[in-house]
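Residue numbers (my numbering), protein chains in the order written: chain A, 1 to 393; chain B, 1001 to 1312.
Even glycine gets a Cβ: it sits at the ideal position worked out from N, Cα and C.
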Ligand SMILES: Nc1ncnc2c1ncn2[C@@H]1O[C@H](COP(=O)(O)OP(=O)(O)OP(=O)(O)O)[C@@H](O)[C@H]1O
Ligand SMILES: [Mg+2]
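1. Should residue 1037 of chain B be listed as close to ligand 1, given that the test is whether its C-beta is under 7 angstroms from any heavy atom?
2. Just tell me which of B:1103, B:1255 and B:1279 has its CA closest to the CA of residue 1268 of chain B.
3. With a threshold of 8 angstroms between beta carbons, is residue 3 of chain A in contact with chain B?
4. Among the residues of its own chain, which have a CB less than 7 angstroms from the CB of residue 395 of chain A, if the five just before and after it don't count?
5. Please specify which runs of the alpha helix (DSSP H), each continuous and at least 4 residues long, are wholly inside the segment 1086-1112 of chain B, giving them in chain order.
6. Can you list, in chain order, the residues of its chain whose CB lies under 6 angstroms from that of residue 1266 of chain B, leaving out five sequence neighbours each side?
7. Interface residues of chain B around residue 300 of chain A at Cβ under 7 angstroms?
8. Considering only residues of the same chain and omitting the five flanking positions on each side of residue 359 of chain A, which have a CB-CB separation below 7 angstroms?
9. With 7 angstroms as the C-beta to C-beta threshold (strictly closer), list the residues of the segment 300-314 of chain A near chain B in chain order.
10. When the cut-off is 8 angstroms and only beta carbons count, does residue 393 of chain A lie next to chain B?
11. May I ask you to verify whether the segment 1021-1041 of chain B touches the segment 1200-1208 of chain B, counting CB pairs closer than 8 angstroms and requiring at least 3?
12. For residue 1270 of chain B, which of helix, strand or coil comes out of DSSP?
13. Classify residue 1076 of chain B as helix, strand or coil using the three-state DSSP reduction.
14. Closest to residue 25 of chain A by CA distance: which of A:119, A:85, A:52 and A:39 is it?
15. Nearest-angstrom Cα distance between residue 1105 of chain B and residue 16 of chain A?
16. Output the distance between the C-alpha atoms of residue 393 of chain A and residue 276 of chain A, rounded to the nearest integer angstrom.
17. Whole-angstrom Cβ separation of residue 162 of chain A and residue 93 of chain A, contact assumed at under 8 angstroms?
18. How is residue 1011 of chain B classed by DSSP in three states: helix, strand or coil?
19. How about the segment 338-346 of chain A and the segment 259-270 of chain A: do they share at least three Cβ pairs that are nearer than 8 angstroms?
20. With a 10 Å radius around its C-beta and 16 neighbouring C-beta atoms as the bar for buried, classify residue 1036 of chain B as buried or exposed.
21. Using the Cβ count rule (16 or more neighbours within 10 Å means buried), how would you classify residue 160 of chain A?
22. Less than 8 angstroms between the CB atoms is what I'm expecting for residue 268 of chain A and residue 189 of chain A, so what's the real figure, rounded?
23. Starting from residue 1190 of chain B and walking both ways along the beta strand (DSSP E), at which residues does that stretch end?
24. Per DSSP, which one or two residues make a beta bridge with residue 1205 of chain B?
25. Please report the straight-line C-alpha distance between residue 217 of chain A and residue 1090 of chain B, rounded to a whole angstrom.
26. Look at the alpha carbon of residue 1064 of chain B and the alpha carbon of residue 1001 of chain B, and state the distance between them as a whole number of angstroms.
27. Who are the Cβ neighbours of residue 1277 of chain B in its own chain at under 7 angstroms, not counting the five residues just before and after it?
28. Please determine, among A:125, A:75, A:166 and A:87, the residue with the shortest C-alpha to C-alpha distance to residue 109 of chain A.
29. One question on the structure: do residue 299 of chain A and residue 1084 of chain B come within less than 8 angstroms of each other, judged by their Cβ atoms?
30. Under 7 angstroms between beta-carbons, which chain A residues line up against residue 1053 of chain B? List them in chain order, please.
31. Check whether the segment 1135-1146 of chain B and the segment 1113-1124 of chain B are in contact - that is, three or more C-beta pairs closer than 8 angstroms.
32. If you compare alpha carbons, which of A:230, A:292, A:72 and A:33 is closest to residue 334 of chain A?
33. Using a Cβ cut-off of 8 angstroms, which residues of the segment 265-291 of chain A contact any Cβ in chain B, in chain order?
This is the structure in structure tokens:
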């Protein structure tokens, strides 16, 4: 077929490929890292070759080549995936190496932080990974393996010391113990509020499905809660719980307090209720009428109909609610840092106070990673469940 | 035995079942026919109290069903719901095992019963046991729905258009199987159907409903030869009457001594089959296996009201 084609055969372009290449090449043109003599002063940018010399040129050329190979439409998806994953690794390695090269030996004050070039390259390759994965259409088991593999590689890279000279890791090294504690606190806030919302919301959803008169009132109330901005909610809760802790005997001992983790937990819990309750109600009303009718007709009691037919059939919708709430709460839990509730948010707000972006990143990057991993894992669970039951039965 | 006494059901000011009384004897089959929306399903569902009667009562073996806890009543009554109603999250085997599990049968007994029913309805257990309902065809789903109704060997069975989605071949064999099971176990069966042939083939008595009223409740022969109202005659279809009538009797009932040429007909074949064979082969008489003949003349007489076989 090549013989029949005209001499200047048109190469069909892959639109996403062009976009990723444009983003990535812009990233290569911009400084990869920023060097500052200390944490506060303004810095100067350094490109890949600027930081690493000859190796930098090689790395930049390799990255550019990887981006350009994705441009023609006929590049196979598996090659795209390999190149994109390779691109991510090279970009991260370049960051670590640049930081090592730019930092004067023994200097604990100088800061090398990722700059626009790094973020754009990272974005381009991450998008390319997602695009390639969507094209390949992996089986569930492979997707789980990939997720676990990605987490393992990140852990390995962080543990290897490759990035130890990068500013965010410098901030981390100075706060190892605090970081572990705040990470635990963040997980507690996100998962604790989710657990509480499920414990209260699922029975509440069942109740208002059984007693439709309650529906408008309960859902309306939760809707209003949902629209209160988080800062305003704290504004209400801080004095309220402060007063409760001071006046109700035993309340303070039970953990009630105006500031700290308690009001943060309560706020996250309240924000989680609406998705949980409304999804439960939607799930219950979507149960096929025939299935419910048959359950009653075959002699199940009310409780058996609920436990054996209705609730199992709401599982996919409930899991979807869990996904929404968990990802939402992992992000929202940052706010807890504002009122002394701990979590990654405490780094963010400390960083903002000191105008130390590296510290802000130390709070935001793990938050994003956590939300991403939870979101993907739950998406996989929901899709798997749907696949097993067949859609629309 | 089911005794239905003056059952009425109103929704708002619409009466969808109006003062219906009928009795189904132990081991008998009652087939309910009627136009869509005439109240068949509603009547059926008042028997297992899925619909609460506005007035009237239902006695099962002499006990007023209103005096028994509804869920215990329903476990004794097999119910095949219109449109199968399988549980989408449970496998075929789990669906069929629903009532036995509620009754606390042990696992081995349940498993044996499930396989027995699947075999009976031509769904090889190895292949079908662990499938989910969405992995079945419409006809297979219906057969699983019927198996589920039969699982705990109920004395009383309610079926709402159970074979609607089956092709004629499987439908005929499913009807024959149902009939056999029903005879073996002495099950009392109330079946709703749109198919007059099915009602004729299965029903000891046929109930004809229109706009909530039970117009006639009588043996098939009486429905054919002596319709209570013009509507009943129209529903049965006047063009098919002679053939329905013939299908109600067997060759053995009409055989007379004598001999005839050609391949013989089985004594338990229906007169309708015998007529078809006469017409197809151009013969005036057929030999009957085991002796005797059946003549075209006798068949012609039997196809008229008041003909042979009219008196049991
Ligand atoms: N829950 C209900 N509320 C109001 N009207 C109802 C209800 N259930 C049934 N009806 C009405 O009662 C009438 C009889 O319904 P039913 O289901 O008994 O008919 P059917 O004879 O089984 O019809 P089909 O052959 O189409 O299944 C219909 O007009 C229907 O609209
Ligand atoms: Mg009906």
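According to the data block:
1. yes
2. B:1255
3. The predicted position of residue 3 of chain A is uncertain, since its pLDDT is 49 and thus under 50; a value taken from the coordinates is nonetheless stated next. Not an interface residue.
4. Within the shown structure, residues of chain A are numbered from 1 to 393, placing residue 395 of chain A beyond reach of any answer.
5. 1092-1096 and 1098-1102
6. 1289
7. 1071 and 1102
8. 171, 347, 350 and 351
9. 300, 301, 309, 312 and 313
10. A caution first: residue 393 of chain A carries a pLDDT of 37, below 50, which makes its placement in the model unreliable, though a value can still be read off. Yes, residue 393 of chain A counts as interfacial toward chain B.
11. yes
12. strand
13. helix
14. A:119
15. 60 angstroms
16. Its pLDDT being 37, under 50, residue 393 of chain A is placed unreliably by the model, and nothing is read from it.
17. 7 angstroms
18. strand
19. yes
20. exposed
21. exposed
22. 6 angstroms
23. 1188-1192
24. B:1030
25. 35 angstroms
26. 12 angstroms
27. 1265 and 1286
28. A:166
29. no
30. What residue 1053 of chain B touches in chain A: nothing, since even the nearest Cβ is about 16 angstroms away.
31. yes
32. A:230
33. 288, 290 and 291
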